[in-house]
Amino acid sequence: MSENTKKGISRRQFLKDAGIVVGGTAVSSAFFLSACGKEVEVTKTVTTTAPGTTVTTTAGDTTQTITKYTCPICGQEFADLAALQAHFEAEHGGEAAVVALNVINLTVNGRVYTVQVEPNWTLAKVLREKIGLTGTNIACNQGACGACTVHVDGKPVLSCLLLAVEMEGKSITTIEGLADSTTGELHPVQEAFIEKHGLQCGFCTSGMIMSTKALLDKTQNPSEEDIRKSLSGNICRCGNYTSIVESGLEAARKMRGV
Numbered sequence: 098m099s100e101n102t103k104k105g106i107s108r109r110q111f112l113k114d115a116g117i118v119v120g121g122t123a124v125s126s127a128f129f130l131s132a133c134g135k136e137v138e139v140t141k142t143v144t145t146t147a148p149g150t151t152v153t154t155t156a157g158d159t160t161q162t163i164t165k166y167t168c169p170i171c172g173q174e175f176a177d178l179a180a181l182q183a184h185f186e187a188e189h190g191g192e193a194a195v196v197a198l199n200v201i202n203l204t205v206n207g208r209v210y211t212v213q214v215e216p217n218w219t220l221a222k223v224l225r226e227k228i229g230l231t232g233t234n235i236a237c238n239q240g241a242c243g244a245c246t247v248h249v250d251g252k253p254v255l256s257c258l259l260l261a262v263e264m265e266g267k268s269i270t271t272i273e274g275l276a277d278s279t280t281g282e283l284h285p286v287q288e289a290f291i292e293k294h295g296l297q298c299g300f301c302t303s304g305m306i307m308s309t310k311a312l313l314d315k316t317q318n319p320s321e322e323d324i325r326k327s328l329s330g331n332i333c334r335c336g337n338y339t340s341i342v343e344s345g346l347e348a349a350r351k352m353r354g355v
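Using my numbering, the first residue of the sequence shown is number 98, and each one after it goes up by one.
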C-alpha cells in the first residue's frame, strides 16, 4: 500500500487520478474575487462648520450604497477590489488558492457564473444552491425520474448524475433559459404545456419541457409515438401523461407556425 493510500487522498485528487479534469485552473484570482463584493447601505451624518468659526451645523443623515469585499478564506473585509486582491496574493497564495478552493466557471443560459464547489457536487445541486436556478428540480437524485433534465451543449442530460466540475467549457441551458431574456416571452414549448394542461403538481414539468424541447430541436413534426419515446425517461407522479403528450404535439405545431 502506498504512502498516499495510507494517509488518504482528497476527492479532488481522486478525480484527477481517475482521469477527470477538475475545474479551477482557468479562473484568475481577480475574476474570482470580483464575485466576493456585496453591496451594503451606509448611513452617514453630514455636518458642516462655518468658515472662521467653531459652529458646527448638522445637515441630517444621508444613505449611500457602497460595495464591500470579503476575503473568501479569512473573512476580512476591504473597501475595494484592489485591496482584497493584494491581501489575497500576500496572505493566501493568490492563483494557487483559487485552485485549492475548487473554483470553476459555469456557462448557464448564456451567462458565466464563477462558483466555489466541492468535487463531488452534482450539477443539479450547484444550479439550485449556488446559482439560484431552482427551476431544475431534484426528485429521485438517482437518474431515474428525469425531473432534473437540462441541456448540455444542446443535448438533454440528467443533472443529478453529472459532476459540476466536469461542466467547465460547456454550454448549459435550464428551464429558465428558454424564455426570451429581453421580453420575458415564454418559449412555445412552455406555452403549449400551459395551454394543454401538461402540468398538475408541476414538479416534473421542467424536466418534461426540457426533454420535449430537445426532441423538437431535431424533429419538427414528431408523431405521438416519437414524443412518448422522448419522454420515456421522465416520470409524472400525477399520471398526467395524456395531457403531456398533447402538450408536446401542440408545441410542435407552434414551432412549425401551424
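Cβ coordinates follow ideal geometry from the N, Cα and C atoms, glycine included.
Contact annotation, K351 with P285: C-beta distance approximately 4 Å; criterion of less than 8 Å satisfied. Scanning K310, T231, G134, F300 for the CA closest to the CA of C335 turns up F300.
With contacts defined by Cβ atoms closer than 8 Å, H248 and T270 form a contacting pair. Under the DSSP assignment, L313 falls outside any beta strand (DSSP E), being part of the alpha helix (DSSP H) whose first and last residues are 302-315.
Contact between S131 and L178 holds, since their C-beta atoms are separated by about 6 Å, short of 8 Å. With a threshold of 16 other beta carbon atoms within 10 Å, Q239 falls short and is exposed.
Under DSSP, the beta-bridge partners assigned to H248 are P253, T270.
L275 sits in coil when the DSSP states are folded into three classes, being neither helix nor strand.
Taking every protein chain shown into account, the CB of S327 has 16 or more other CB atoms within 10 angstroms, so this residue is buried. Around the beta-carbon of A176, fewer than 16 other beta-carbon atoms lie within 10 Å, marking it exposed. If the five residues before and after I228 are omitted, its C-beta is found closer than 8 Å to the C-beta atoms of L203, V205, Y210, V212, all from its own chain and listed in chain order. Checking the DSSP bridge columns, you'll see R208 partnered with V205. Within the DSSP bridge table, the entry for Y166 names G134, F175 as partners.
Rounded to whole angstroms, T167 and C133 show a C-alpha spacing of 6 Å.
For R325, the uninterrupted alpha helix (DSSP H) segment begins and ends at 321-327.
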